[in-house]
């Protein structure tokens, strides 16, 4: 069994929490972190690229993919369909990438029902609803009606956070990024597979990564690494 087995990390967060900023910052630090690219029937927005932001397909193709069971999960949102490709996730993991799947709580709860799904569930939350409201207002893009709706949705979504394996609080961006990376790496390393000095290289890389990005190293990893070194 390989020591490093890239995990599927299912992530949900209320709108305005800052998950996009967390994702981008995390990828700059650890390039082997990749966002799952979903399929959708909606039209591309300005600046969006095929295969980068989404796979834009016709409603007919999307329905065929549903019949072919190509999606890990799919949903209709405001008349458009969105789906997470099993093949994209599988091929990304085979390439050595930890895959982040960004979906809403409804989709995440659907995935929770899938038996033998090797995934870790992470909920990203603001420090408080008051802080979230300030962030949304500072954007300058919300009407009073849309702001009320977003806050209502956020309050509802927050009731699901105990259904997730981890909660990342986005108070300080750097800390939230480190926390997400720590979770992603810890969940992708098979501690039971650490048996001898052949695993020293990857452990050294992980610990070096942690040391460069402050103190969020998993203590178990460091202990195992020291044990391996002491036996050689």
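Residue numbers (UniProt numbering): 1 to 232.
Glycine is no exception: its CB is placed at the ideal position from the N, C-alpha and C atoms.
The model shown is predicted, which means the values in this text are computed figures rather than measured ones.
On a CA-only basis, which of 46, 44, 160 and 107 is nearest residue 74? Give me that one, please. 107
Rounded Cβ spacing between residue 62 and residue 88 (contact assumed at less than 8 Å): That belief does not hold up - the Cβ atoms of residue 62 and residue 88 are roughly 14 Å apart, past 8 Å.
Between the CA atoms of residue 94 and residue 145 - distance to the nearest angstrom: 45 Å
Beta-carbon proximity of residue 29 to residue 100, cut-off 9 Å: no
Among 92, 85 and 180, which has the Cα closest to the Cα of residue 20? 180
Nearest to residue 109 (by Cα), restricted to the options 123, 45 and 176: 123
Helix, strand or coil: which one does DSSP assign to residue 19? In the three-state scheme derived from DSSP, where H, G and I count as helix and E and B as strand, residue 19 is classed as helix.
Identify, in the order they occur along the chain, each residue of the same chain with its Cβ nearer than 8 Å to the Cβ of residue 151, setting aside the five sequence neighbours on each side. So the qualifying residues of the chain are 129, 132, 133 and 136.
According to DSSP, what are the bridge partners of residue 84? 73
Beta carbon of residue 26 nearer than 9 Å to that of residue 177: yes
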